[in-house]
Amino acid sequence: MNFDPSILTTHAGEIGDAFLVTVKTWLLGSALGLIVGLALALLIRSLGRWARLPLLALSELIRGTPFLVICFILYYGGPSIGIDLNAIFAGIVCIGFYSSVYFAEIFRSGFNAVPRGQLEAAECLGLGRWQLLVRIELPQMLVIILPALTNLLTVLCKETAILSIITVPELTAVLGGIGTRTFSFAETLVALCLAYLLLVELTARVGNWLERRVGGYLN
Amino acid sequence: MSQSPTTPQARFPAIRLDQVGKRFGDHQVLEGIDLEVAHSEVVCLIGPSGSGKSTLLRCMAFLEHYDQGEIYIEGALIGWEIDDQGRRRRASNRRLRQSRSNLGMVFQQFNLWPHMTALGNVSEALKRVKGLSRLDAERRGRQALERVGLLDKADAHPARLSGGQQQRVAIARALAMEPKIMLFDEPTSALDPELVGEVLAVMKRLASEGMTMVVVTHEMGFAARMADTLVFLDHGRIIARGAPAQVFGEEAPPRVRQFLQDYLERNALLIDANTEAPGAMPSSISAGDGAAAATKGMF
Numbered sequence: 036m037n038f039d040p041s042i043l044t045t046h047a048g049e050i051g052d053a054f055l056v057t058v059k060t061w062l063l064g065s066a067l068g069l070i071v072g073l074a075l076a077l078l079i080r081s082l083g084r085w086a087r088l089p090l091l092a093l094s095e096l097i098r099g100t101p102f103l104v105i106c107f108i109l110y111y112g113g114p115s116i117g118i119d120l121n122a123i124f125a126g127i128v129c130i131g132f133y134s135s136v137y138f139a140e141i142f143r144s145g146f147n148a149v150p151r152g153q154l155e156a157a158e159c160l161g162l163g164r165w166q167l168l169v170r171i172e173l174p175q176m177l178v179i180i181l182p183a184l185t186n187l188l189t190v191l192c193k194e195t196a197i198l199s200i201i202t203v204p205e206l207t208a209v210l211g212g213i214g215t216r217t218f219s220f221a222e223t224l225v226a227l228c229l230a231y232l233l234l235v236e237l238t239a240r241v242g243n244w245l246e247r248r249v250g251g252y253l254n
Numbered sequence: 058m059s060q061s062p063t064t065p066q067a068r069f070p071a072i073r074l075d076q077v078g079k080r081f082g083d084h085q086v087l088e089g090i091d092l093e094v095a096h097s098e099v100v101c102l103i104g105p106s107g108s109g110k111s112t113l114l115r116c117m118a119f120l121e122h123y124d125q126g127e128i129y130i131e132g133a134l135i136g137w138e139i140d141d142q143g144r145r146r147r148a149s150n151r152r153l154r155q156s157r158s159n160l161g162m163v164f165q166q167f168n169l170w171p172h173m174t175a176l177g178n179v180s181e182a183l184k185r186v187k188g189l190s191r192l193d194a195e196r197r198g199r200q201a202l203e204r205v206g207l208l209d210k211a212d213a214h215p216a217r218l219s220g221g222q223q224q225r226v227a228i229a230r231a232l233a234m235e236p237k238i239m240l241f242d243e244p245t246s247a248l249d250p251e252l253v254g255e256v257l258a259v260m261k262r263l264a265s266e267g268m269t270m271v272v273v274t275h276e277m278g279f280a281a282r283m284a285d286t287l288v289f290l291d292h293g294r295i296i297a298r299g300a301p302a303q304v305f306g307e308e309a310p311p312r313v314r315q316f317l318q319d320y321l322e323r324n325a326l327l328i329d330a331n332t333e334a335p336g337a338m339p340s341s342i343s344a345g346d347g348a349a350a351a352t353k354g355m356f
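So the sequence lines, in the order shown, correspond to chains Y and D. All residue numbers in the first sequence are consecutive under my numbering, ending with 254. All residue numbers in the second sequence are consecutive under my numbering, ending with 356.
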């Protein structure tokens, strides 16, 4: 067996681009999911017990569907109803759509964790709904839900690998391609693992650092 | 009842309750409550737990939605609007906020915002609701903290404060908004016994400054000393009301007498007959007899 890392350096430009595509689809997709998820959680909260049922059902449906299937539906099903996305944009939408329901679930549990009395105090002092959310609820929720958010982000980072199936030129697709072309499977797969490990580890560190920073007032 | 010089003849009482009722499902928690609170009056709501006194207080701030009768704060119906057909529907948020701006609410669990410092808690609504600049809000926030004796804790987060200090910050937070009326919902019930005094002392000073106050309390000593009017609730109804000497006096209904007797027996171990801690029952008060004489001397 010959292990020849130089295969990576000769394709460095290609791999670098793929790394950026992975980071881009991951972070933009997650940002989209975060925003839609927060909106979804707020909407569900503001609706009545019956009016929220369709949204809860939809959320269950999405959470019950494998990510790969969601990608197929959005990317290959899109053109049949007149939506034609370029692969990278489609990848971002897939990640965002898929993660939004998980983000919504995290936000829902976060809202429940802020004691009701604190909101009553704010209401009595005349703070409006928006001020309540931005000044009282979100800052406190953040401390509580940060571990869950970090966890979801690392999962999503690895889920971007699935996007290779819908032709997104990200790490798994590109390194896999190089491996097949040059028969350097070991080198490319090791590099692939290291790249994801790097991203996941980085996310966990940033998460830990944030937890310590924003949770400082609790002790 | 003492009259504040600042509100010599208000056209309406600070609070007026007219046949207020509230039910949770099948359970009628409040029924037919009539009550008036004059400006500068201190009213203490007492009674056994489950009697509805906290619910009644929360109705006054519309934290609970009373479903019968009317509650007027400074002359304005709070929480509801009555339309042409006499049907009630929820008042707009703006109108509710307006009514509540007359009220300062203090909770049993303090309900401070743990992610803000004491000063942050006190100045938040000054900034966001009154629209004061950060500088002005903090100046007034500090004044409010000074009133409760906690200026030196301005930069401390709630987790760093004792229960008594947290409650005093909560009082300062309400006071900073300059309410006309202060509502206290069992303000000392969550406190260790040795921390009760500092909170009661702050409330006592407020009362002596002419603040209109409604206090739900289990501190009978405080109620006997500070209240202009005692209101005793049982099973959602007012069963006795009047000056402390009267409610705790010889004419007290048997239910009140029993309640007081139980209270005194429970607290017998805590109270040294020779000390006059702010929260303690005057040593000479006992259920049914001598209360009139004892409370008379207090004022």
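Glycine included, C-beta positions come from ideal geometry on N, C-alpha and C.
- Item | Cutoff 6 angstroms; reference residue 101 of chain D; Cβ partners in own chain excluding five residues on either side | Leaving aside the five residues that flank residue 101 of chain D on each side, the residues in its chain whose CB is nearer than 6 angstroms to its CB run, in chain order, 272, 274, 280, 284, 287.
- Using beta-carbon positions only, say whether residue 78 of chain D and residue 93 of chain D come within less than 8 angstroms of one another. For the 8 angstroms CB-CB criterion, residue 78 of chain D and residue 93 of chain D do not form a contact.
- Query: Roughly how many angstroms lie between the CA atoms of residue 103 of chain Y and residue 172 of chain Y, to the nearest whole one?
  - Reply: 35 angstroms
- To the nearest angstrom, report how far apart residue 132 of chain D and residue 178 of chain Y are at their CA atoms. 43 angstroms
- Item | Chain-ordered residues of the region 157 to 173 of chain Y with a beta carbon less than 9 angstroms from chain D | With the criterion set as a beta carbon lying under 9 angstroms from some beta carbon of chain D, the members of the region 157 to 173 of chain Y are 157, 158, 159, 160, 161, 162, 163, 164, 166, 170, 171, in sequence order.
- Task: Can you grab the Cα-Cα spacing for the pair residue 125 of chain Y / residue 96 of chain Y, in whole Å?
- Result: 20 angstroms
- Message: Based on DSSP bridge pairs, tell me the residues matched to residue 297 of chain D.
- Response: D:289
- Task: Within its chain, find whatever has a CB closer than 7 angstroms to the CB of residue 231 of chain D; leave out the 5 residues flanking it on each side and keep chain order.
- Result: 161, 162, 163, 239
- Message: I'd like the list of long-range same chain contacts for residue 110 of chain Y, defined as Cβ closer than 6 angstroms, with 5 residues on each side in sequence excluded.
- Response: Take residue 110 of chain Y, set aside five residues on each side of it, and the residues of its chain with a beta-carbon closer than 6 angstroms to its own are 125, 201, in chain order.
- Query: With burial defined as no fewer than 16 other Cβ atoms inside 10 Å of the residue's Cβ, what is the status of residue 159 of chain D: buried or exposed?
  - Reply: buried
- Message: So, for residue 146 of chain Y: in the same chain, excluding its five sequence neighbours on each side, which residues have a beta-carbon less than 8 angstroms away from its beta-carbon?
- Response: 76, 80, 172, 176
- Assign residue 125 of chain D to one of three DSSP states: helix, strand, or coil. strand
- Going by C-alpha distance, which of D:75, D:255, D:166 is nearest residue 205 of chain D? D:255
- Message: Less than 8 angstroms between C-beta atoms, sequence neighbours within five positions excluded: which residues of the same chain meet that for residue 68 of chain Y?
- Response: 130, 131, 132, 133, 134, 135, 137, 138, 191
- Compile a chain-ordered list of the residues in the region 217 to 241 of chain D whose CB is closer than 8 angstroms to at least one CB of chain Y. 227, 230, 231, 234
- Query: Hey, is the region 306 to 314 of chain D in contact with the region 111 to 122 of chain D, meaning 3+ C-beta pairs nearer than 8 angstroms?
  - Reply: With the cut-off at 8 angstroms, the region 306 to 314 of chain D and the region 111 to 122 of chain D do not touch.
- With 16 other CB atoms within 10 Å as the buried threshold, where does residue 193 of chain Y fall? exposed
- Query: Taking 8 angstroms as the CB-CB limit, is residue 199 of chain D close to chain Y?
  - Reply: no
- Task: Below 7 angstroms between beta carbons is the criterion; list the residues of the region 162 to 174 of chain D that meet it against any residue of chain Y, in chain order.
- Result: 162, 164, 166, 168, 170, 171, 172
- Message: My output table needs one value for residue 242 of chain D: the three-state DSSP class, helix, strand or coil.
- Response: strand
- Closer than 8 angstroms to chain Y by CB, residue 158 of chain D: Nearest CB-CB separation between residue 158 of chain D and chain Y: below the 8 angstroms threshold.
- Query: Counting Cβ pairs, one atom from each stretch, are 3 or more of them under 8 angstroms apart for the region 244 to 264 of chain D and the region 169 to 177 of chain D?
  - Reply: no
- Task: Check the Cβ of residue 152 of chain Y against every Cβ in chain D and list those closer than 9 angstroms, keeping chain order.
- Result: 164, 165, 166, 167, 168
- Going by DSSP, name the residue or residues bridged to residue 201 of chain D. Paired residue(s): none; residue 201 of chain D is not in a bridge.
- List the residues of chain D that residue 155 of chain Y touches, going by C-beta distances under 9 angstroms, in chain order. 115, 118, 120, 162, 164, 168
- Message: 8 angstroms is my cut-off, CB to CB: does residue 252 of chain Y come that close to chain D?
- Response: yes
- Taking 8 angstroms as the CB-CB cut-off, is residue 247 of chain D touching chain Y? no
- Message: Our contact map puts residue 181 of chain Y next to residue 246 of chain Y with C-beta atoms below 8 angstroms; I'd like the distance itself, whole angstroms only.
- Response: 5 angstroms
- Message: I'd like the list of long-range same chain contacts for residue 42 of chain Y, defined as Cβ closer than 8 angstroms, with 5 residues on each side in sequence excluded.
- Response: 213, 217, 219, 222, 223
- Message: For a minimum of 3 consecutive residues, which ranges assigned as the beta strand (DSSP E) are wholly contained in the region 83 to 132 of chain D?
- Response: 84 to 94, 99 to 103, 125 to 130
- Item | Secondary structure of residue 79 of chain D, DSSP reduced to three states | strand
- Message: Residues of chain Y with CB closer than 7 angstroms to the CB of residue 182 of chain D, please, in chain order.
- Response: 160, 161, 162
- Item | Minimum Cβ-Cβ distance from residue 154 of chain D to chain Y less than 8 angstroms | yes
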